[in-house]
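Visitor: Structure provided below as structure tokens; questions to follow.
Number of protein chains: 4
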Amino acid sequence: MARPKSDDKRNAILSAAIQAIVNHGLSASTALIAQEAGVANGTFFTYFKTKSELFNQLYLELKTGMASTALDDMPPEVTIKEQIYNVWSNWVHWAVESPNKRRALALLGVSDELTAETRDEGHLVMAPLARLIEQIHENGAMRDAGMEFVIALMNSIAETTMDFARRSPEKAEEYCKTGFDALWRLMA
Amino acid sequence: MARPKSDDKRNAILSAAIQAIVNHGLSASTALIAQEAGVANGTFFTYFKTKSELFNQLYLELKTGMASTALDDMPPEVTIKEQIYNVWSNWVHWAVESPNKRRALALLGVSDELTAETRDEGHLVMAPLARLIEQIHENGAMRDAGMEFVIALMNSIAETTMDFARRSPEKAEEYCKTGFDALWRLMA
Amino acid sequence: MARPKSDDKRNAILSAAIQAIVNHGLSASTALIAQEAGVANGTFFTYFKTKSELFNQLYLELKTGMASTALDDMPPEVTIKEQIYNVWSNWVHWAVESPNKRRALALLGVSDELTAETRDEGHLVMAPLARLIEQIHENGAMRDAGMEFVIALMNSIAETTMDFARRSPEKAEEYCKTGFDALWRLMA
Amino acid sequence: MARPKSDDKRNAILSAAIQAIVNHGLSASTALIAQEAGVANGTFFTYFKTKSELFNQLYLELKTGMASTALDDMPPEVTIKEQIYNVWSNWVHWAVESPNKRRALALLGVSDELTAETRDEGHLVMAPLARLIEQIHENGAMRDAGMEFVIALMNSIAETTMDFARRSPEKAEEYCKTGFDALWRLMA
DNA sequence: CATGAATGAGCGTTCATTCAT
DNA sequence: GATGAATGAACGCTCATTCAT
């Protein structure tokens with residue numbers, strides 16, 4: 129059963145899970161998810177051995193999707209700062225346009241269903257951004273603090289920025305810039 | 129009143145709830161909480177009409193406790209910056225010393241059991257810090273951004289700082305200072 | 129504890145029980161009954177050892193009250209038929225004026241909380257009516273059927289008559305008469 | 129459909145419910161009903177969304193069964209009186225042979241779990257008998273009273289007759305006839 | 001493989017009754 | 001005696017998971 133027959137069904141379940149999680153939290157039942165996916169109750173378990181496994185895979189899928197949007201078309205010809213801003217901007221726009229995915233990702237992220245392995249894999253996908261940050265960081269204001277700490281701070285500033293951008297999409301551009309400037313002051 | 133409702137028991141239930149939430153998440157059963165509190169199943173409902181009510185009251189209790197520790201003994205004779213640092217430092221130390229309370233508070237904060245009223249009351253308790261920040265902010269680097277945004281950024285930086293301080297208590301002092309400096313650069 | 133201190137409280141509980149039974153059926157909780165009676169939860173059990181005991185005593189109290197209203201001021205100078213009609217009429221009027229008592233009595237009557245003893249005592253209270261009926265019956269149309277059967281038929285006709293009288297109190301007089309005539313045709 | 133819902137199981141649950149209601153009243157637990165039906169606790173809810181739904185469906189099933197027995201093989205060639213007697217007799221025999229069903233039906237009938245809709249449907253099933261009665265009634269002794277009242281009286285006489293017939297099955301035939309004669313005197 | 005019925009542990013909550021005050 | 005908190009069994013119902021079809 130390495131690759132179950134229908135990718136369509138797998139994807140339908142994943143999409144349904146996002147909806148269900150947004151509407152009912154992580155306690156959304158597998159029956160509801162299956163129903164919203166248009167498949168039978170039991171079919172759920174053909175594609176995901178347990179509910180927990182769905183959560184782990186959904187988390188990775190969402191995080192990967194987010195990263196690939198954020199890291200999309202990175203122009204190599206420009207300054208690092210511009211490269212970082214490019215990612216930052218993509219990221220914020222993703223949040224504004226995919227609020228459900230972001231909400232589901234957030235809920236999954238704080239749940240205790242995620243395995244350590246999943247969390248590790250999750251961190252990897254944003255590594256390219258981390259590598260850009262690193263170049264700024266090594267001569268920046270926080271050069272004496274560990275990279276991990278700086279990355280975590282960046283993440284939290286990004287999350288806050290995305291929260292505000294999503295809540296007021298008409299000011300998204302503004303929050304995007306203000307948030308980025310704040311980040312830059314903090315670490316550059 | 130025959131046998132008055134016992135504060136001891138109420139507190140035992142609240143404490144047990146913290147433990148249970150840390151160990152099992154918000155789906156910790158009322159039966160488990162009661163058991164850990166050393167009272168009978170049904171006694172839970174003498175003190176809290178519903179599980180939801182427990183969550184709301186626990187949230188407020190934890191948030192109030194956190195705030196009162198953070199805002200403790202604010203010296204009025206010193207600079208604003210020193211005042212803010214004092215709060216910041218108390219806050220971080222609270223996190224290091226009460227990791228369970230902090231974890232429970234975080235889980236409760238993202239749950240959808242909290243009423244709007246509870247959330248509002250919860251925001252109030254850190255208002256004194258917000259008022260200090262405001263004085264810095266009005267001439268600071270982010271003076272064009274809304275206070276709400278700045279407060280949210282401060283919060284997220286604080287949370288990240290506390291995460292790292294808790295994870296490596298021996299470096300707590302260092303993270304505390306580094307985090308504060310980062311905050312200051314960001315907004316002062 | 130043969131006669132607990134306060135008859136007031138006992139009566140308050142009995143009255144409250146009627147209300148509670150009307151509103152919530154026999155599953156009305158002892159706590160609710162106590163509350164409506166204005167006494168504490170535990171006081172209930174000072175006056176009635178168990179909920180079942182309350183039900184049995186309430187049943188007798190209601191049935192006795194009904195009988196004493198129905199059998200009130202029986203004039204001995206008139207024909208048997210007139211005597212019976214007098215009881216019949218009192219009975220129907222009681223039903224119209226005390227619909228809650230009647231409803232509670234009905235629910236208690238079909239419950240399986242009543243002991244055989246209670247049921248027996250309950251039958252006794254209408255015995256004077258039975259004795260009147262007997263005199264008609266012994267030469268009547270049903271003289272070959274047992275008295276018990278005739279009494280039961282009379283009871284069921286009475287109940288139906290009371291149902292209709294209560295539902296349309298403005299036609300109560302009419303139903304009272306029509307019902308009685310029907311009874312008379314049936315057995316006289 | 130994978131494993132179709134089994135009529136056997138549905139019927140087993142309905143039968144078990146009758147038993148359980150007879151033995152424990154309407155407060156018979158779903159767990160007990162399931163157990164007596166030989167299915168798992170949760171299976172109950174595959175067949176009936178709620179306990180209330182079971183009660184409503186059981187009521188209809190019982191009432192329909194009763195009616196179809198009572199109204200079985202109505203000979204059209206005979207007098208109305210004979211037709212009515214035929215129904216009456218079938219009805220009484222049903223009561224003697226299915227005392228549990230009758231007891232359950234009675235308890236359900238006075239419960240407040242029944243929806244108005246269920247009650248309405250329930251009334252319909254005995255309508256053919258009502259129509260026969262109507263033909264007698266329109267020129268009978270009670271022609272000035274409403275049909276509803278007469279039907280209700282007939283019902284209550286029938287119930288009483290069935291009670292006595294069931295309690296003394298060896299005299300069932302006698303009660304059947306005596307009851308019918310009483311009814312006839314009352315309304316014809 | 002897809003389906004949906006079957007399972008039974010588990011949940012939040014209620015309640016008759018007891019008992020400390 | 002009156003009070004109301006304490007108790008724990010019980011209840012209706014849900015749900016992740018299994019398995020017959």
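These protein sequence lines are chains P, L, W and V, in that order.
Heads up, the first sequence is in the working numbering, so the first residue is 129 and it goes up one at a time.
Heads up, the second sequence is in the working numbering, so the first residue is 129 and it goes up one at a time.
Heads up, the third sequence is in the working numbering, so the first residue is 129 and it goes up one at a time.
Heads up, the fourth sequence is in the working numbering, so the first residue is 129 and it goes up one at a time.
Even for Gly, the Cβ is constructed at its ideal location relative to N, Cα and C.
None of these values were measured; they are calculated from a predicted model.
Against chain V, does W/I261 count as a neighbour if the rule is that its beta carbon must be under 9 Å from one of theirs?
Guide: Position 133 of the third sequence, counted from the start, is the residue given in the question as residue 261 of chain W. False, the Cβ-Cβ gap to chain V never drops below 9 Å.
Visitor: Would you mind giving the Cβ-Cβ distance between V/C304 and V/V220, rounded to the nearest angstrom? I have them listed as a contact below 8 Å.
Guide: In the fourth sequence, the residue the question calls residue 304 of chain V occupies position 176. In the fourth sequence, the residue the question calls residue 220 of chain V occupies position 92. That belief holds up - the Cβ atoms of V/C304 and V/V220 are roughly 4 Å apart, short of 8 Å.
Visitor: Would you say L/A198 reaches chain P, if we count a Cβ-Cβ gap shorter than 9 Å as a contact?
Guide: What you label residue 198 of chain L is simply residue 70 of the second sequence in a count that begins at 1. Cβ-Cβ to chain P under 9 Å: no for L/A198.
Visitor: Please name the residue in W/L257, W/K191, W/H152 and W/M290 whose C-alpha comes closest to that of W/V224.
Guide: Taking the third sequence and counting its residues from 1, one reaches residue 224 of chain W at position 96. Nearest option by C-alpha distance: W/M290.
Visitor: Kindly list the residues whose CB is nearer than 7 Å to the CB of V/N218, restricted to its own chain and excluding five residues on each side of it in sequence; keep chain order.
Guide: Start at 1 with the first residue of the fourth sequence, and residue 218 of chain V comes out as number 90. Cβ within range, chain order: T197, A198 and D200.
Visitor: Tell me the residue span of the alpha helix (DSSP H) that contains P/S284.
Guide: Residue mapping note: residue 284 of chain P aligns to position 156 of the first sequence, counting from 1. Run containing P/S284: M275 to R295, per the alpha helix (DSSP H) assignment.
Visitor: Anyone know if the C-beta pair for W/A232 and W/V167 falls short of 9 Å?
Guide: Here residue 232 of chain W is taken as the residue at index 104 of the third sequence, counted from 1. Here residue 167 of chain W is taken as the residue at index 39 of the third sequence, counted from 1. The answer is no: Cβ separation not under 9 Å.
Visitor: Tell me the rounded alpha-carbon separation between P/L257 and L/F292.
Guide: Residue numbering aside, residue 257 of chain P sits at position 129 when the first sequence is read from its first letter. Residue numbering aside, residue 292 of chain L sits at position 164 when the second sequence is read from its first letter. Rounded to the nearest angstrom, the two C-alpha atoms are 21 Å apart.
Visitor: In chain P, what lies closer than 7 Å to L/S240 by C-beta?
Guide: Counting from 1 along the second sequence, the entry for residue 240 of chain L is found at position 112. Per the sequence shown, the amino acid found at residue 240 of chain L is Asp instead of Ser. Under the 7 Å cutoff, chain P gives G153.
Visitor: For a contact meaning CB atoms closer than 7 Å, what does P/I146 contact in chain L?
Guide: By 1-based counting over the first sequence, the position of residue 146 of chain P is 18. Correct list: empty, because the minimum Cβ distance to chain L is about 16 Å.
Visitor: Return yes when the Cβ of L/I279 is within less than 9 Å of the Cβ of L/A310, no when it is not.
Guide: As a first step, residue 310 of chain L is located in the second sequence; it is residue number 182 there, counting from the start. As a first step, residue 279 of chain L is located in the second sequence; it is residue number 151 there, counting from the start. Contact: no.
Visitor: Since P/G166 is in the alpha helix (DSSP H), which residue starts that stretch and which ends it?
Guide: Within the first sequence, residue 166 of chain P is the residue found at index 38, counting from 1. Looking at the DSSP string, P/G166 is not in any alpha helix (DSSP H), and its letter there is neither H nor E.
Visitor: Does DSSP put V/R271 in a helix, a strand or coil?
Guide: Residue numbering aside, residue 271 of chain V sits at position 143 when the fourth sequence is read from its first letter. Looking at V/R271 - three-state DSSP - the assignment turns out to be coil, as it is neither helix nor strand.
Visitor: Taking the alpha helix (DSSP H) that P/V253 belongs to, which residues open and close that run?
Guide: Counting from one through the first sequence, the residue named residue 253 of chain P turns up at place 125. It is not in any alpha helix (DSSP H) - P/V253 carries neither H nor E in the DSSP assignment.
Visitor: Using DSSP with H/G/I as helix, E/B as strand and the rest coil, what is P/T197?
Guide: In the first sequence, residue 197 of chain P corresponds to position 69, counting from 1. In this structure, P/T197 counts as helix in the three-state DSSP scheme.
Visitor: What is the rounded straight-line gap between the Cα of W/M129 and the Cα of W/K177?
Guide: Reading the third sequence from its first residue, position 1 is the one you call residue 129 of chain W. Reading the third sequence from its first residue, position 49 is the one you call residue 177 of chain W. The pLDDT assigned to W/M129 is 45, lower than 50, so where the model puts this residue is not dependable, and the model offers no usable value.
Visitor: According to the neighbour-count rule (16 or more other Cβ atoms, all chains shown, within 10 Å of its Cβ), is V/I208 buried or exposed?
Guide: Residue 208 of chain V sits at position 80 when you count from the first residue of the fourth sequence. Classification for V/I208: exposed.
Visitor: Name, going along the chain, the residues of the region 279-290 of chain L whose beta-carbon falls closer than 7 Å to a beta-carbon of chain P.
Guide: Flagged, chain order: A280, L281, S284, I285, E287 and T288.
Visitor: How is the alpha helix (DSSP H) around L/S239 delimited, first residue to last?
Guide: In the second sequence, counting from the first residue as 1, residue 239 of chain L sits at position 111. Unbroken run through L/S239: none, as it is neither H nor E.
Visitor: Quick one: is P/Y303 near chain L, going by C-beta distance under 9 Å?
Guide: Position 175 of the first sequence, counted from the start, is the residue given in the question as residue 303 of chain P. Closer than 9 Å: yes.
Visitor: Starting from W/R313, find everything on chain V with Cβ-Cβ shorter than 8 Å and list it in chain order.
Guide: Position 185 of the third sequence, counted from the first residue, corresponds to residue 313 of chain W. In chain order: A269, R313 and L314.
Visitor: In chain order, what residues of the same chain lie with their CB nearer than 6 Å to the CB of L/A195, ignoring the 5 residues before and after it?
Guide: Here residue 195 of chain L is taken as the residue at index 67 of the second sequence, counted from 1. Correct list, in chain order: V253 and M254.
Visitor: Distance check for W/T171 and L/Y175, CA to CA, integer angstroms please.
Guide: The residue labelled residue 175 of chain L in the question sits at position 47 within the second sequence. The residue labelled residue 171 of chain W in the question sits at position 43 within the third sequence. Cα-Cα distance, rounded: 22 Å.
Visitor: Check whether chain L comes within 9 Å of P/E276, counting only Cβ atoms and requiring the distance to be less than that.
Guide: The count along the first sequence starts at 1 and reaches residue 276 of chain P at position 148. Judged by the 9 Å Cβ criterion, P/E276 is in contact with chain L.
Visitor: Which value, in whole angstroms, describes the spacing of the CA atoms of P/F173 and P/M275?
Guide: What you label residue 173 of chain P is simply residue 45 of the first sequence in a count that begins at 1. What you label residue 275 of chain P is simply residue 147 of the first sequence in a count that begins at 1. Distance between the alpha carbons of P/F173 and P/M275: 40 Å.
Visitor: Would you mind giving the Cβ-Cβ distance between V/T342 and V/K179, rounded to the nearest angstrom? I have them listed as a contact below 8 Å.
Guide: The requested residue 342 of chain V does not occur in the structure, where chain V is confined to residues 129 to 316.
Visitor: Name the chain V residues that come within less than 7 Å of W/A310, Cβ to Cβ?
Guide: As a working mapping, residue 310 of chain W is identified with position 182 in the third sequence. In chain order: M270, L281 and L314.
Visitor: In whole angstroms, what is the alpha-carbon distance linking V/A300 and V/E189?
Guide: Here residue 300 of chain V corresponds to residue number 172 of the fourth sequence, with the count starting at 1. Here residue 189 of chain V corresponds to residue number 61 of the fourth sequence, with the count starting at 1. Their Cα atoms are separated by approximately 25 Å.
Visitor: Verify the CB distance criterion: does V/T243 have a CB-CB separation below 9 Å to chain W?
Guide: Mapped onto the fourth sequence, residue 243 of chain V falls at position 115. No, V/T243 does not count as interfacial toward chain W.
Visitor: Put L/T178 into one of helix, strand or coil per three-state DSSP.
Guide: As a first step, residue 178 of chain L must be located in the second sequence, where it is residue number 50. Coil, per DSSP.
Visitor: Within 10 angstroms of its Cβ, does W/H265 collect 16 or more other Cβ (buried), or is it exposed?
Guide: The residue given as residue 265 of chain W occupies position 137 in the third sequence. By the 10 Å Cβ count, W/H265 comes out buried.
Visitor: Check W/S134 in the structure and name its three-state DSSP category.
Guide: Taking the first residue of the third sequence as position 1, residue 134 of chain W is located at position 6. Of the three classes helix, strand and coil, the one that applies to W/S134 here is coil, per DSSP.
Visitor: Going by DSSP in three states, P/E301 sits in which element: helix, strand or coil?
Guide: Looking up residue 301 of chain P in the first sequence gives position 173. Helix, per DSSP.
Visitor: Using only CA atoms, which one of V/T243, V/R131 and V/S155 lies nearest to P/N81?
Guide: Beyond the ends of chain P as shown, which are 129 and 316, falls residue 81 of chain P; an answer cannot be given.
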